[in-house]
Every structure is written in structure tokens, then in C-alpha cells.
Amino acid sequence: MTTILFAGGGTGGHLFPALAIGAAVQSLEPTIRLLHAGAERGIEATVLPARGVPHRLFPFQPLHRQAWWRNVRWPGLAVRLVRDVDAWLAEVEP
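The sequence shown: position 8 = 7 (numbering that gives the first Met the number 0), numbered continuously.
Here it is as C-alpha cells:
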């Protein structure tokens, strides 16, 4: 089975085009499996579950430019995210 993974979101300007492309692809080839990856704090956290779209949300955090001291936890979070995303990709095999 072919799987297509859409990654991104945060705003509707990124999420809704991905959903539209996925719907168009699936209308042409119904056997294709669509998955979405996004952030727990983005619009995808409410839209994807409400639409019943297969997805996984991760605790992504932005890098702060003005309040740079808020980035102190970012390296540890990045390591954890890479590990979590890698494990999920191994599981779903897109």
C-alpha cells in the first residue's frame, strides 16, 4: 500500500491545502493511505481529529528570537522530537 505523509500546519494556510491535495489524490487512487503530522499547538490539533483524519501530533516549539533565553530547553526537546518522529515513521512506514 502506498502511503503519503503530509507534515506541517500551524495555520490554516498550510493545513487546508494539504487536506485538499490529499482528498484529490485519494479520489484518483482510493487505496492510498494518507497521514498527517503536525504540532500539538497548531490548528491541526483541532481540525484533524474533528475530520477523522489519521494523524500524529508532536510537541513542537518555536525558536524565540526576542526572548532568546526561552530557548534553553529547545535542544533537549529537539532530541526528544527526533526520537519520537523517527519511531513513528518506523511504525507507519510512509
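In this text, a Cβ means the ideal position worked out from N, Cα and C, and glycines have one as well.
- Query: For residue 20, does the three-state DSSP call read helix, strand or coil?
  - Reply: Residue 20: helix per DSSP, three-state reduction.
- Item | Secondary structure of residue 14, DSSP reduced to three states | Helix.
- Item | Simplified DSSP state of residue 32, which is helix, strand or coil | In the structure shown, residue 32 sits in a strand (DSSP, three-state: E or B).
- Which two residues bound the contiguous beta strand (DSSP E) that contains residue 6? Residue 6 -> beta strand (DSSP E) spans 2-6.
- Message: Quick check on the burial criterion: 16 or more other C-beta atoms within 10 angstroms. Buried or exposed for residue 41?
- Response: Classification for residue 41: buried.
- When you compare only the Cα positions, how much space is there between residue 17 and residue 87? Computed Cα separation, rounded: 20 angstroms.
- Would you mind sorting residue 39 into buried or exposed? The rule is 16 or more other CB atoms within 10 Å of its CB. Exposed is the call here.
- Task: List the residues that DSSP assigns as beta-bridge partners of residue 56.
- Result: Checking the DSSP bridge columns, you'll see residue 56 partnered with 37.
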